[in-house]
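Heads up, the thing below is written out as structure tokens.
Chains as they are written, first to last, in my numbering: chain U, 651 to 986; chain C, 122 to 397.
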């Protein structure tokens, strides 16, 4: 199967002006500006197959947005190559743009002073969508994203979540084969995030759309991306199955439990003696969150807790993906 | 063939339509534009009448009626009108570049230059319909301006106005593409407004400029913006002079469009959009 996206040995260096240090640094910088090269991407390679939903992850400044901007044909790489649907996205920007959609969380498809329906009308012209195709896709997007009440309301009066649903509809309006989502859920509440996650899964399944999702919100990735590409300092750190990542970098589990009012301290001391790496926090004297360092130890600690009188409401929590990523970056990616 | 044509033309029709609609969403802007343009026309008329009565040079060049007609017409078609139009066009585009919103333009299957021209044509259409035309009717009714010198002059005035718009858009586009390299082009924009007011004929009729300034004005594109269309409207150009004036206008329109294209081709690989 021919890949939708191929990134090979990609690098990008930005040139940025740097203020000279010292009391008169501002004057020296004015007279003779000094520039530094910032390496945003370095020898990055990965591929994405048709219909895949891939999470692009990494800490701030890792190069996620730069990668997406290069793939979208907005900026030119310094080295290496990219191919999107068999094209060079920068040289063939217009042809490429016809087949891609994008949401950049900080930028907008929508015309601020008009209702979203007018922006969709503009996009209908921009992508030369026939009336029947437009009506059909609008009906689908309206139903999946719940846009009914928003279409005729001025964009300036929409909430962030409502606006983002419209932005996502705008990106999918012309039935693109590939969609880039850069921080699409920034600032949204949990309900809105769930709605967008459901939408992505459904639309990708229904129209075989390839989606590359870059986000800081790792719960988004857990919801919709079976595969993740992790970037660190512009380099590929991990590319593979999300489950694999969790398996190898999610050793810690949390056990949340209400401890008995008497004997709690002795119980915890006993547990810490047997499992020295165990950490715990106590809230209001009774609710304990314990961090168990070893997956195998979870069963044993749980058994001990359950056999203690007065222990209630025991729950084993899966590790948060944020912690997994931090752990993976800290310990490196020998398995990636 | 039909599909290719549809894909080539529709994006710009859509851009024109959307921008034109968004102009109507700002009622206060529209009212302020009319009031400001009206007041400036009235003030300029009074000012130039006073100058006319005190200056033999001006009296030699114009009758008082011609003077008033020129001044009022030049304000009606002033494409560099300070206010709504100017803000929407140049500051709007500059702000898109500074905020990185231009990324959204570059992911659409549209030529950047044609998209800007389509947007600006919508703003110009709005300005002509809601400011220019009502002012023309009012001042025509009160007798401050005459009809075009002849039906042919009327038609050629429209042709000249179209060229003036293209020249103006060409200048705006140059400023916008320069903004990609130097995000703050406020100074260039201010210089453009000043040059345009003096050398374009909206503040002072070019015919009244002293020799050296007149020579400079005649080799710059600004004269094509206000002076040429008004001069045609008033019938002061005819025969070979008229043909030459139109040729110069359309020549500048083409030259600036090509310059914009070349500078964009240079700037495009160097475009940087920071931030997520």
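Heads up, the beta-carbon is just placed ideally off N, CA and C, and yes, glycines get one too.
What you are looking at is a predicted structure, and each value in this text was computed from that prediction instead of being measured.
How about residue i and residue j: are their beta carbons less than 9 Å apart?
i                      : j                      : result
residue 193 of chain C : residue 141 of chain C : no
residue 252 of chain C : residue 161 of chain C : no
residue 374 of chain C : residue 284 of chain C : yes
residue 849 of chain U : residue 794 of chain U : yes
residue 926 of chain U : residue 917 of chain U : no
residue 987 of chain U : residue 958 of chain U : Since the displayed chain U opens at 651 and closes at 986, residue 987 of chain U lies outside it and no answer follows.
residue 385 of chain C : residue 287 of chain C : no
residue 655 of chain U : residue 692 of chain U : no
residue 215 of chain C : residue 758 of chain U : no
residue 884 of chain U : residue 694 of chain U : yes
residue 338 of chain C : residue 327 of chain C : yes
residue 877 of chain U : residue 892 of chain U : yes
residue 851 of chain U : residue 879 of chain U : no
residue 797 of chain U : residue 819 of chain U : yes
residue 882 of chain U : residue 752 of chain U : no
residue 810 of chain U : residue 791 of chain U : no
residue 381 of chain C : residue 294 of chain C : yes
residue 231 of chain C : residue 747 of chain U : yes
residue 828 of chain U : residue 734 of chain U : yes
residue 347 of chain C : residue 199 of chain C : yes
residue 862 of chain U : residue 823 of chain U : no
Does any CB atom of chain U fall closer than 9 Å to the CB of residue i?
i                      : result
residue 375 of chain C : no
residue 231 of chain C : yes
residue 378 of chain C : no
residue 290 of chain C : no
residue 237 of chain C : no
residue 146 of chain C : yes
residue 139 of chain C : yes
residue 131 of chain C : yes
residue 143 of chain C : yes
residue 349 of chain C : no
residue 128 of chain C : yes
residue 391 of chain C : yes
residue 135 of chain C : yes
residue 313 of chain C : no
residue 302 of chain C : no
residue 306 of chain C : no
According to the neighbour-count rule (16 or more other Cβ atoms, all chains shown, within 10 Å of its Cβ), is residue i buried or exposed?
i                      : result
residue 322 of chain C : buried
residue 390 of chain C : exposed
residue 962 of chain U : exposed
residue 352 of chain C : buried
residue 164 of chain C : exposed
residue 814 of chain U : buried
residue 855 of chain U : exposed
residue 919 of chain U : exposed
residue 843 of chain U : buried
residue 618 of chain U : A question about residue 618 of chain U goes unanswered here, because the residues of chain U that appear run from 651 up to 986.
residue 708 of chain U : buried
residue 133 of chain C : buried
residue 853 of chain U : buried
residue 673 of chain U : exposed
residue 279 of chain C : exposed
residue 190 of chain C : buried
Would you say residue i faces chain C, with C-beta separation under 9 Å as the test?
i                      : result
residue 655 of chain U : no
residue 667 of chain U : no
residue 652 of chain U : no
residue 980 of chain U : no
residue 733 of chain U : no
residue 723 of chain U : yes
residue 726 of chain U : yes
residue 745 of chain U : yes
residue 756 of chain U : yes
residue 883 of chain U : no
residue 869 of chain U : no
residue 819 of chain U : no
residue 898 of chain U : no
Looking at chain B, is there any beta carbon in it that lies within less than 9 Å of the beta carbon of residue i?
i                      : result
residue 930 of chain U : Considering every chain present, this structure includes no chain B. Its protein chains are U and C.
Chain-ordered residues of the segment 209-228 of chain C with a beta carbon less than 7 Å from chain U = 221, 222, 224, 225, 227, 228
Unbroken alpha helix (DSSP H) runs of length 4 or more, entirely within the segment 200-286 of chain C: which are they?
-> 213-220, 223-227, 233-248, 254-262
Near-chain C residues of the segment 764-786 of chain U - C-beta to any C-beta below 8 Å = 764, 768, 769, 771, 772, 773, 774, 775, 776, 777, 778
Those runs of the alpha helix (DSSP H) which lie wholly inside the segment 827-906 of chain U and span at least 4 residues = 840-857, 868-874, 892-899
For the segment 136-179 of chain C, which segments carrying the alpha helix (DSSP H) assignment without a break, of at least 4 residues, lie completely within its bounds, in sequence order?
-> 148-175
At a Cβ cut of 9 Å, what residues of the segment 902-923 of chain U count as close to chain C, listed as they run along the chain?
-> none
Could you name each continuous alpha helix (DSSP H) segment of 4 residues or more that falls completely within the segment 731-759 of chain U, going from the start of the chain to the end?
-> 743-749
Near-chain U residues of the segment 238-254 of chain C (beta-carbon distance less than 9 Å), N- to C-terminal order = none
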